[in-house]
Structure formats: C-alpha cells, structure tokens
Amino acid sequence: MSMGSPGCEHTGCTAPLHSPLYISQTHTDTMAWLDEADDIKPPRSLLGLPELSWPGVYLPCYDRLALEESPWVLRMTEAPAPAAPPSSTPEPNQAKPNQPQDPPSGTEGQVEERCLEQVQTMVVGEVLKDVDTACKLLNIAPDPMDWSSMHVQKWLLWTEHLHKLPQVSMMFQELSGKDLCSMTEADFRQRSSQFGDMLYAHLDIWRSAAAMKERCPPEDSKSADDNSWSDVMRNYPSQPIHLWQFLRDLLLKPHNYSRCIRWLNKEKGIFKIEDSALVARLWGMRKNRPAMNYDKLSRSIRQYYKKGIIRKPDVSRRLVYQFVNPV
DNA sequence: TAGCAGGAATTAC
DNA sequence: GTAATTCCTGCTA
Numbered sequence: 001m002s003m004g005s006p007g008c009e010h011t012g013c014t015a016p017l018h019s020p021l022y023i024s025q026t027h028t029d030t031m032a033w034l035d036e037a038d039d040i041k042p043p044r045s046l047l048g049l050p051e052l053s054w055p056g057v058y059l060p061c062y063d064r065l066a067l068e069e070s071p072w073v074l075r076m077t078e079a080p081a082p083a084a085p086p087s088s089t090p091e092p093n094q095a096k097p098n099q100p101q102d103p104p105s106g107t108e109g110q111v112e113e114r115c116l117e118q119v120q121t122m123v124v125g126e127v128l129k130d131v132d133t134a135c136k137l138l139n140i141a142p143d144p145m146d147w148s149s150m151h152v153q154k155w156l157l158w159t160e161h162l163h164k165l166p167q168v169s170m171m172f173q174e175l176s177g178k179d180l181c182s183m184t185e186a187d188f189r190q191r192s193s194q195f196g197d198m199l200y201a202h203l204d205i206w207r208s209a210a211a212m213k214e215r216c217p218p219e220d221s222k223s224a225d226d227n228s229w230s231d232v233m234r235n236y237p238s239q240p241i242h243l244w245q246f247l248r249d250l251l252l253k254p255h256n257y258s259r260c261i262r263w264l265n266k267e268k269g270i271f272k273i274e275d276s277a278l279v280a281r282l283w284g285m286r287k288n289r290p291a292m293n294y295d296k297l298s299r300s301i302r303q304y305y306k307k308g309i310i311r312k313p314d315v316s317r318r319l320v321y322q323f324v325n326p327v
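Per UniProt numbering, the first sequence starts with residue 1, numbered consecutively.
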C-alpha cells in the first residue's frame, strides 16, 4: 500500500487512501458484496447505471476492508465532485434519454447527485451498523476515547482476525483508547511498519463513526435486519450476552461474518458454523475467556438442547445447528 | 482427527 | 439459581 498516494486523479480529491469512506473503481470483491447485499442495495436503474458497472462503492465492512495500491478514491464524508459540468443552457425538462453518448443533462446530473447522496447515506449507515455490531460482540464502547487498555487489545485482536493480520496487538500493549487516539499515523507505523497505517485507518473509521453518532443519534441506526428478537441485543455494551444471542448476531451480519457462520435455512433457523475455531475465539473475546475453544463452545450449545433454544436439525450434520424458534 | 453427546464439578454473576 | 465454563469419557464419521 502506498500511503503517500495523492488520491483520486479523476476527481482531484486528495483524500488519503486510508480515509474512512471511499469509492474504489476496481474493488471487484465489493462488487460481489454489492450483488449479495440486497437489503441495502439501491436499484442500479435508479442510479442510471448499467448492470454491474456501478462505480465501485467501497463499504468498509470489517472483513472486506482492504486497502488497494492505486484505487480511484473519493472521500465520502466530503461532498462528491459533480458528475458532469453544468450545461451552459440548462433545459431540465428536455432531456434526451436516447442519446447515451451525450453528457448528462442538468436533470440527469441532479439525479446522479441525489443517487450519490443516497449511496453516501447508505454507506455511512452501514459503517455505523458495523461498528455497532463490533461493539456488541466485543462488549466495548463505540468511542475509542472511552476504551481501557483491555478494550484496545480486544479491538486489535478483532481487527487482526477480520483482516487476517499477523499479531499486531503485542505492539500496542498498555495503551488506553485515549493513548491510541493521541497517536499519529507515524506513531502507528513506528509500532508496526507493515500494518500501522491500516490500523490507523481502522481507528479513524471508529472515531468518525463515534463522531457521527454523536452528531446524529441514533433513531436511524435501526437496521433493516432489526426485528423483535434482536431487541434484547440493543442495550450493549454493558449487558451480558447469551451464547445464542451472540451466534444470532453473527448470523444477522452475513456481510461481515459469513466466513465463520452462516444460515443454511434462515426460515427454519438452521445455521452452519463454517470456522469453528474462529467462532470460538470470537466468543472467547466477547466473554473474556481466552481459553475458549470449539469444544467448550459446542458444550454450551448442547446445553441449549434441554432448554429448547437450539437443537440439531432433523438430518444431523457436523457443525450444523438449528434455532428451535427461528425468526 | 474433529466433532458430537452428555455427566459432573466449578465459576461468574 | 442460572448460564456458562471446564474437564472428562466414549462414540462416530
């Protein structure tokens, strides 16, 4: 990753590559994500774009955040550049939709701008939701300034896991959230020359999200996948959490956690643990049980058999369980 | 070998 | 008291 990159040559935006929110033209992985993300994806037709050529919208979901060598970057927290220069003789009601080679008319430009704004809003919402989920799962405050050194370690371990980083948390021991926030990017790079900038960027995301939450609290943070059975999850981070709730929370965030746990049949509540070690480690992090493993976690799941919360499906398969009362 | 099932004791809240 | 953890034996794919 080249941290000294000037930013977007197309838009002239000079935002650094690690800006919390940015658009990438080439992020094919995100394209796949967008194809899957039916719950937040605006219709491509609404954006006036052909199928599969939506300008790459980078959503910083925590297992998708990857920094690129030379992405087309646009800082989303800043006003996007106009899609096209305004027409010298604007005729908003006389658009010619059958001439695709023409530059967009004023109306089309406004529509595109509105669409971009919608995408921005959507992206920011996703960031807030992802941060919120991580807070729940880690039992930490959303604002890094409030973190103790243990919270910092949790966050670092979490980030290591989600981005498959080597152990970087060792480099940041004994640091509180305030310490972390007072560090410059250079300080981060000094502690981890290879991943310091990436961690700094992640911290920046969290700080931005905390600031955004402070500015516009939180009635719109109700996500589309919220529902009655997740109400009990809303009182984080101070509330204890049951294992079944934790699993369900992971399942309700397939964009982030599908590589470790996913629904096989959501209607029937059947799910599969794809990465037992990772799920166990996440659970251990959440409960401050560093010795947690899948053997112990699965024993806890089996305790649910008697309680009628989780059971094995009728056709029993390894690592597959079923909520007795699905959504 | 990893996962599954369940007993029993212990721990944390 | 409850939920979860820890440790265990034995079984299965």
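From the three backbone atoms N, C-alpha and C, an ideal C-beta is built for every residue, glycine too.
Would you call the CB atoms of residue i and residue j closer than 8 Å?
i           : j      : result
Thr159      : Lys253 : no
Leu162      : Phe195 : no
Ile270      : Leu247 : no
Val320      : Pro326 : no
residue 328 : Trp155 : In this structure the chain extends from 1 to 327, so residue 328 is not present and cannot be described.
Tyr257      : Leu264 : no
Leu128      : Lys213 : yes
Val131      : Trp206 : yes
Residue i: which of the options sits nearest, CA to CA?
i      : options                        : result
His151 : Gln173, Lys164, Arg302, Ser193 : Gln173
Gly177 : Tyr200, Pro166, His163, Arg189 : Tyr200
Pro142 : Thr184, Pro166, Leu203         : Leu203
Ala211 : Met145, Arg318, Ala280, Asn139 : Met145
Pro240 : Gly125, Glu126, Cys135         : Cys135
His242 : Trp206, Glu267, Arg286         : Arg286
Arg302 : Val324, Ala291, Arg289, Lys129 : Val324
Lys296 : Gly284, Lys306, Tyr305         : Gly284
Gly125 : Ala209, Gln153, Asp179         : Ala209
Ser298 : Ser182, Arg318, Gly308         : Arg318
Give every residue of the same chain whose Cβ lies closer than 7 Å to the Cβ of residue i, excluding the five residues on either side of it in the sequence, and list them in chain order.
i           : result
Ala277      : Tyr294
Ser149      : Glu174, Leu175, Ser176
Arg191      : Met171, Phe172
Glu185      : Asp197, Tyr200
Val168      : Leu156, Glu160, Ser192, Phe195, Leu199
Pro290      : Gly284
residue 337 : It is not possible to answer for residue 337, since the shown part of the chain is limited to 1 through 327.
Ile140      : Trp147, His151, Lys154, Trp155, Pro237
Tyr304      : Trp244, Ile310
With respect to the beta strand (DSSP E) encompassing residue i, which residues constitute its N-terminal and C-terminal limits?
i           : result
Ile270      : 270-273
residue 365 : Outside the displayed range of the chain (1 to 327) lies residue 365, so it cannot be described from this structure.
Leu264      : 261-265
Need the endpoints of the alpha helix (DSSP H) that residue i sits in, please.
i      : result
Arg189 : 185-191
Gly177 : 177-182
Gln153 : 149-163
Met170 : Premise fails: Met170 is in no alpha helix (DSSP H) and is neither H nor E.
Arg302 : 294-307
Ala291 : Ala291 -> no alpha helix (DSSP H), and no H or E assigned at all.
His242 : No alpha helix (DSSP H) contains His242, which DSSP labels as neither H nor E.
Ala141 : No alpha helix (DSSP H) contains Ala141, which DSSP labels as neither H nor E.
Leu278 : 276-286
Asn256 : 254-257
Once the 5 residues before and after residue i are set aside, which same chain residues still bring their CB inside 6 Å of it?
i      : result
Arg281 : none
Met31  : Here Met31 scores only 30 on pLDDT, less than 50, and its place in the model should not be relied on; the value that follows carries that caveat. Taken in chain order, the list of residues that qualify is empty.
Gln101 : Residue confidence for Gln101 is low, a pLDDT of 40 falling below 50, so the modelled location carries little weight; the figure read from the coordinates is stated next. Within the same chain, Gln101 has no close Cβ partners at all.
Val279 : Cys260, Ile261, Ile273
Gln322 : Gly269, Ile270, Arg311, Pro313
Phe188 : Gly196, Leu199, Tyr200
Met183 : none
Quick one: is the Cβ of residue i within less than 7 Å of any heavy atom of the ligand NAP?
i      : result
Asn293 : Looking for the ligand NAP in the displayed structure turns up nothing, as the structure carries no ligands at all.
Near residue i, which residues of its chain fall below 8 Å by C-beta distance, leaving aside the five closest residues on each side in sequence?
i      : result
Leu180 : Pro144, Trp147, Val152, Phe172, Leu203
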